[in-house]
Every structure is written in C-alpha cells, then in structure tokens.
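J.: Take this structure, written in structure tokens, and hold onto it; I'll ask about it next.
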Amino acid sequence: MGKLTSTGITLGVVSGVPATVDAAGFGALTMVTVGEVVDLPEYGPTVQVVESNPLATGITEKFAGFTNYGSIAIGLELDIADAGQIILEAAIPDAGVDAPHSFAITYSDSTIEYFVGGVFSYTRAPGSANSMVGSTASVEINSKIIRV
C-alpha cells in the first residue's frame, strides 16, 4: 500500500466470526457495507510494557506484555434505514452477553483489513445548526488485524 487518500474507503460488517481468523475465513463471509461513514480514526494493536528493575544493575529492562488490539470509534451520519448501521445498532450486547462481529475496512487500492470485534456503543449526535445528525459506533477489536 502506497500513499492513499481516505476517499473511497468502505467499512463492512457481519454478525458472527469467521470459521478461521485468516484471509480465507474472512473472505468467506458476506459483509454488509455500512453507509455514511465519515470518520475511521486510527486503530491497531499496542503491547503493554512490563518493566523489570533489578537492583544489581540499576537499569530498567522492558519486556512485551499483553497485546491489546485496540478500539475504533466509527463516525457516521445517522441513517436509520442503512443495513450496515442497523447491524451496528443491533450489535449492542446485553450485560454478560458476548456478541462478536466481523469487520472489513477496504481501502481505495483494494487492500482489505479484517478483524473481529464487539460493538460496545452506538450513540446519536443531533448536532447544532447547519450540521448533519451523526452517530458513533465504538468497536473493541478482539483479534489480529488481517491485511489482504
């Protein structure tokens, strides 16, 4: 992937997880395009730093701890009739219920990034004068991001 603009990026979603968390597994799913996406902020894994402070050396050593695949707050212009937005809104789980969904972000050069996540909020932003009614879906990513 070389330099790209954001124009042409699409987001797909489907309820459930692939049979295998790899290109073939995600490719077998039928994603529904989420309409009116206006913002896909940065996302991706971070590794927690585990420190060791041996008294003998006085040097802080750093090691890789748990990996957190991150989250993404998807900015939308609200469209209550859009099939993708309907899936996102319906994905909010009841307390104690796991409701994983599969996602695909397709870039203008046809690169696709797949991941599994849970939708933990779907809020509305009525806005002010001369603005569109918006919404935000917050997704917690629970798998490696698979680039195809």
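Per our numbering: the sequence shown = residues 155 to 302. From the three backbone atoms N, C-alpha and C, an ideal C-beta is built for every residue, glycine too. Just so it is clear, the structure is predicted and the values come from calculations on it, not from any experiment.
Would you give the residue range spanned by the alpha helix (DSSP H) that Glu243 belongs to?
T.: First-last of the alpha helix (DSSP H) with Glu243: Ala237 to Ala244.
J.: With the cut-off set at 8 Å, would you say Phe269 and Ser297 are in Cβ contact?
T.: Yes, Cβ-Cβ distance for Phe269 and Ser297 is below 8 Å.
J.: Out of Thr265, Ala235 and Phe257, state which residue places its alpha-carbon closest to the alpha-carbon of Val168.
T.: Comparing Cα positions, the closest option is Phe257.
J.: Checking the sheet assignment: what are the DSSP bridge partners for Pro254?
T.: Answer by DSSP bridge pairing, in chain order: Gly272.
J.: Could you tell me which of Gly288, Glu294, Gly281 and Ile259 sits nearest to Arg301, measuring between CA atoms?
T.: Looking at the Cα atoms, Ile259 is the closest of the given residues.
J.: Can you tell me where the beta strand (DSSP E) holding Ala182 begins and where it ends?
T.: Segment: none, Ala182 is in no beta strand (DSSP E) and carries neither H nor E.
J.: Given that a residue counts as buried once 16 or more other Cβ atoms are within 10 Å of its Cβ, and exposed if not, what is Phe217?
T.: Result: exposed.
J.: With distances taken from CA atoms, which of Gly156, Asn207 and Ile241 is nearest Ala253?
T.: Checking every option, the nearest Cα to that of Ala253 belongs to Ile241.
J.: DSSP on Ala177, reduced to helix/strand/coil?
T.: Helix, per DSSP.
J.: Out of Asn284, Ser285, Ser262 and Ala245, which has the shortest C-alpha to C-alpha gap to Glu294?
T.: Among Asn284, Ser285, Ser262 and Ala245, the Cα nearest to that of Glu294 belongs to Ala245.
J.: Spatial neighbours of Asp176 within its chain, please: C-beta separation below 8 Å, excluding the five flanking residues on both sides.
T.: So the qualifying residues of the chain are Ile300.
J.: Tell me which residues share the same chain as Ser206 and place their Cβ nearer than 6 Å to its Cβ, disregarding the 5 neighbours each side in the sequence.
T.: Cβ neighbours of Ser206 beyond the five flanking positions: Glu215.
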